[in-house]
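Structure record follows, encoded as structure tokens.
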DNA sequence: TAATCGTCCGAACGAACGTTCGGTAAAGGA
DNA sequence: TCCTTTACCGAACGTTCGTTCGGACGATTA
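Protein chains in written order, with the numbering used here: chain A, 1 to 226; chain B, 1001 to 1226.
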């Protein structure tokens, strides 16, 4: 969990902030992290709207009122879950792209990273995908900003690949189709039946890349029609 | 709307059923159909759990209590919407497959039918996709049965194509990837920006078919490894 | 004309919701 | 030792929820 989770709570905080809070900051963050994990499971199982704070109270073993010591609202809880998941997957992608130059390998790394994180944090990713439109205020705006940034990067990776191979295809349709293939996983993946992230990533990458590069092929060294 | 919607309501009905109900059956079904249309829009916009019967009352212009003359519960409303959408898309697919023999054309028709219906009934299909796990009782079991049947057919179409072309690939991953590409549309399609169903279907079919047939290719007339 | 039926409504029901209030008890610094 | 801060809780707040009750009123039937 990020270091600044402390800012999650905004009321009933000591007025003399910043003096000797440092001592128990770690405990606070760890405890909030545990609550977020339980909240992820509860939101995943019942859906955000159908899940109640009393469900979370039961799951954590903490009293209903006690929960509010760690965050200010149910919305903030969802915000923290979504933001953390998105930032982690984005950071992972950036790290793995460093020093990789081959356009096809870069797209393969995108798929690998996405599916690996998706399956390793299936519940959080379901909450991220499924409760996508729930947050309406500035929380929602912030999560949507990270999402746009992630989309922008992926679009760039696919564009680079198409340009390098002289392929013509709608980049928007291509990327959103790829996202569809990958994100839909949360509706069907069963760890006891289906392959692991590595195999799945290879198979989906094979379908997508062979498909895109094959379907969008045009005569060598010709120019676009306009 | 199907002819037997009347069975939607189960209480406060005349005990002497089946005698002279026939006279106003049409009006009842038409009115319920209008309510279902509004309910689809409300569930689509706010999500099933967040949508309230008072929202629906406002949308239809009918009183809260008056709504319950046409159905017995909010759950039944969702059930009727999901069942109707699924049955229609399934019937459309069956009709368009009749007399079509070429395996590739049959898969293309599946994609064409799916996307055409998806975009022509975007709101109903979002409710179908997004509120997939909401129904828990026998309503849910019934909708899930239709879904399994649809999945079974699609799996068969893809299997047939792979066999005809001597292609080896996990049929499950292939079909679920295809569903992902297609169903994810409800999260991004914008009629003012994106192409229509026909173009989209061709592009997705090109990516998927070129990808599957290319990536899964094996040496001609060789036998599977076991 | 009297009785019945189809259609719809105002008002209310109890339950569940997210959140807050006033407090307690242990820990820790002065 | 006293006093602040941290961590938490029982009980309740006001609101909204899905659903139902009893009845109204026009149309149809006997």
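By construction, the Cβ of each residue, glycine as well, lies at the ideal position given by its N, Cα and C atoms.
Note that the structure is predicted; figures quoted are calculated from it, not measured.
Hey, could you find the ends of the alpha helix (DSSP H) residue i is sitting in?
i                       : result
residue 1099 of chain B : Where residue 1099 of chain B is concerned, there is no enclosing alpha helix (DSSP H), given that its DSSP letter is neither H nor E.
residue 1033 of chain B : 1025-1046
residue 1055 of chain B : 1053-1060
residue 1063 of chain B : Segment: none, residue 1063 of chain B is in no alpha helix (DSSP H) and carries neither H nor E.
residue 195 of chain A  : Element bounds for residue 195 of chain A: n/a, residue is neither H nor E.
residue 50 of chain A   : No alpha helix (DSSP H) contains residue 50 of chain A, which DSSP labels as neither H nor E.
From the DSSP output, in three-state form, read off residue i for me.
i                       : result
residue 1074 of chain B : helix
residue 136 of chain A  : coil
residue 1190 of chain B : coil
residue 1113 of chain B : helix
residue 227 of chain A  : There is no way to answer for residue 227 of chain A, as the model of chain A reaches only from 1 to 226.
residue 1131 of chain B : coil
residue 1183 of chain B : helix
residue 1021 of chain B : Unreliable placement is indicated for residue 1021 of chain B, whose pLDDT of 46 sits below 50; the coordinate value is still reported in the next sentence. Note: residue 1021 of chain B maps to coil in three-state DSSP.
residue 210 of chain A  : helix
residue 1150 of chain B : helix
What do you reckon, are the CB atoms on residue i and residue j nearer than 8 Å?
i                       : j                       : result
residue 1135 of chain B : residue 1079 of chain B : yes
residue 1115 of chain B : residue 1093 of chain B : no
residue 1048 of chain B : residue 1089 of chain B : no
residue 125 of chain A  : residue 1177 of chain B : no
residue 1212 of chain B : residue 1174 of chain B : yes
residue 217 of chain A  : residue 167 of chain A  : yes
residue 139 of chain A  : residue 75 of chain A   : yes
residue 197 of chain A  : residue 128 of chain A  : no
residue 1155 of chain B : residue 1132 of chain B : no
residue 1105 of chain B : residue 1143 of chain B : no
residue 1205 of chain B : residue 210 of chain A  : no
residue 1071 of chain B : residue 1077 of chain B : yes
residue 1039 of chain B : residue 1103 of chain B : no
With 8 Å set as the bound, which would you pick, yes or no: does the beta-carbon of residue i sit closer than that to a beta-carbon of chain B?
i                      : result
residue 41 of chain A  : no
residue 214 of chain A : yes
residue 180 of chain A : yes
residue 35 of chain A  : no
residue 200 of chain A : yes
residue 91 of chain A  : no
residue 52 of chain A  : no
residue 125 of chain A : no
residue 190 of chain A : no
residue 140 of chain A : no
residue 81 of chain A  : no
residue 206 of chain A : yes
residue 49 of chain A  : yes
From the DSSP secondary-structure annotation, give me the bridge partner or partners of residue i.
i                       : result
residue 1217 of chain B : B/1167
Any C-beta of chain A sitting closer than 8 Å to the C-beta of residue i?
i                       : result
residue 1269 of chain B : Summary: the structure shown does not reach residue 1269 of chain B, with chain B confined to residues 1001 through 1226, and so no result is reported for it.
residue 1176 of chain B : yes
residue 1168 of chain B : no
residue 1102 of chain B : no
residue 1055 of chain B : no
residue 1210 of chain B : yes
residue 1183 of chain B : yes
residue 1203 of chain B : yes
residue 1156 of chain B : no
residue 1153 of chain B : no
residue 1132 of chain B : yes
residue 1173 of chain B : yes
residue 1187 of chain B : yes
Tell me whether residue i, by its Cβ, gets closer than 7 Å to a heavy atom of the ligand NAD.
i                       : result
residue 1089 of chain B : The ligand NAD is not part of this structure, which contains no ligands at all.
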